[in-house]
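Taking our numbering, the leading residue of the sequence shown gets 47, the next gets one more, and so forth.
Here is the structure we will look at.
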Amino acid sequence: MDNYYQWLNIEFGATAEQIKKAYREQVKKWHPDKNADNIFADGISKLINQAYEVLSDPIKRAAYDKQLREYLSAEEMKKAINRRGQIYTGKYPAGQFDFSKMKGEELLLYLLIKVIGRALR
């Protein structure tokens, strides 16, 4: 899913004025006439226009924001499941697992699995 906020180089909670300003900057920067030597300029310009069309309309933006939040939430779930899968399958050799990348609930789950696994032996 395209992140229109990234295409316009703005934050998620940007105001209508910030969106308009960012759109003008990006469309000027990526206009095909100014980037004749860049084969991607036309496509990028179209994406910028599409992003502005959605984000400048309050109804379209609300629907898009909801969809984007759901997508990002699903992506985070996939990453968490993948990390848990790496833990369960023992992908990391003893002493080489990087705990600093784990969130609280993941670390707790990992420790519980290790403790319960040892208790059942």
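Built from N, CA and C at the ideal position, the CB exists for glycine as well.
Note that the structure is predicted; figures quoted are calculated from it, not measured.
*Taking all protein chains shown into account, decide if SER119 is buried (16 or more other Cβ within 10 angstroms of its Cβ) or exposed.*
For the purposes of this step, residue 119 is identified with residue 73 of the sequence shown, where counting begins at 1. SER119 should be labelled exposed.
_Environment of TYR180 [buried if 16+ CB atoms lie within 10 Å]_ = The chain is shown from 47 up to 167; residue 180 falls before or after that span and cannot be answered.
*Are the Cβ atoms of LEU54 and TYR117 separated by less than 8 Å?*
Working through the sequence shown from its first residue, we reach residue 54 at position 8. Working through the sequence shown from its first residue, we reach residue 117 at position 71. No, the pair does not count as a contact, with Cβ atoms beyond the cut-off.
_Cα-Cα separation between LYS75 and LYS124, rounded to whole angstroms_ = On the sequence shown, position 29 is the one that residue 75 refers to. On the sequence shown, position 78 is the one that residue 124 refers to. If I take the Cα positions, the gap works out to 35 Å.
*Using three-state DSSP, classify ILE133 as helix, strand or coil.*
Taking the sequence shown and counting its residues from 1, the one referred to as residue 133 is at position 87. Residue confidence is low: ILE133 scores 47 on pLDDT, short of 50, so the model does not pin down where it sits. No coordinate-derived value is stated.
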